[in-house]
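Trainee: For the sequence shown, position 105 matches number 105 in full-length UniProt numbering, and the numbering has no gaps at all.
First, the structure itself, so that you have it in front of you.
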Amino acid sequence: MSLLMLNNCMKMLMRRGPVAHDSIVCKLCNRSYHHRFYNFARHAVILRQAQIISHSLTQRGFSSEVWLPHEKKKGLLKEVNKEIVQNVGRMFAVVHIGGSQFKVSPEDLIQIQGHIEADMGERICLEKVLLLGGDNFTVIGKPLISPQMVRVEATVIEKTMSEKKILFRFKKRKNYKKYKEMYVPLTVLRINTIDVNPVLS
């Protein structure tokens with residue numbers, strides 16, 4: 001949280017809400033307080049403390065942003081591109097698929113919930129890559145890495161169902177019983193390759 005954001009929040013902290021009367025809205029976190037002045041007062045105190053801490057850190061020369069001289073940044077990117085070209089060690093990536101994140105490497109097997117549209121034996125491309133790493137470097141997406149830089153390919157190995165899950169509800173002395181069996185669709189993928197292009201600049 002920067003000093004400028006905190007100052008703006010403290011300046012525009014209280015205003016009348018457009019719908020509910022006597023409402024107090026914090027513009028930074030969009031929290032509205034209706035007739036709860038104690039909670040609002042605590043919120044204002046926390047913001048004020050954060051403002052003081054941020055101001056003291058700024059006075060001492062600390063910054064929330066990482067800054068590197070142009071020459072050092074250029075040299076660092078050159079070294080990472082060199083590591084990508086040499087491809088020493090085992091590459092890994094963090095991908096998002098089926099509502100979950102997986103850390104994968106070539107020849108890994110992952111199991112996701114749900115059936116995807118591809119048939120068994122088809123090759124697919126996992127486009128949502130959040131992180132890429134090797135032995136001596138790590139590339140983090142904001143939030144995703146560009147598809148021009150990394151390509152993760154996988155093969156659909158199997159589409160199956162999970163083992164039986166029993167859902168049973170019972171209330172004593174109420175003559176209430178409910179029994180249900182549930183199966184969750186699963187898909188198994190094999191990670192084939194992680195192709196990387198040295199395009200960092």
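Just so it is clear, CB atoms sit at the ideal spot from N, CA and C, and this is done for glycine as well.
A quick note: this is a predicted structure, and the numbers were derived from the prediction, not measured.
Going by Cα to Cα distance, which pick from ASN81, LEU132, ILE157 and GLN86 is closest to ILE124?
Mentor: Closest by alpha carbon: ILE157.
Trainee: Determine the contact status of LEU186 and LYS165, defining contact as a CB-CB distance below 9 Å.
Mentor: No, the Cβ-Cβ distance between LEU186 and LYS165 is not below 9 Å.
Trainee: Would the region 82-92 and the region 127-144 be scored as touching if the rule is three or more Cβ pairs under 8 Å?
Mentor: yes
Trainee: Expressed to the nearest angstrom, what Euclidean distance is found between the alpha-carbon atoms of PHE62 and VAL188?
Mentor: Summary for PHE62: the model assigns pLDDT 47, below 50, so the residue's position carries little reliability, and this model does not support an answer.
Trainee: Helix, strand or coil, according to DSSP, for ARG36 in the structure here?
Mentor: Here ARG36 scores only 44 on pLDDT, less than 50, and its place in the model should not be relied on; the value that follows carries that caveat. Coil, per DSSP.
Trainee: Are there 16 or more other CB atoms within 10 angstroms of the CB of ILE140, so buried, or fewer, so exposed?
Mentor: exposed
Trainee: Taking the straight line between their C-alpha atoms, what separation do you get for VAL80 and VAL152?
Mentor: The straight-line gap from Cα to Cα measures roughly 19 Å.
Trainee: Which first and last residues belong to the beta strand (DSSP E) in which ILE191 is found?
Mentor: 185-196
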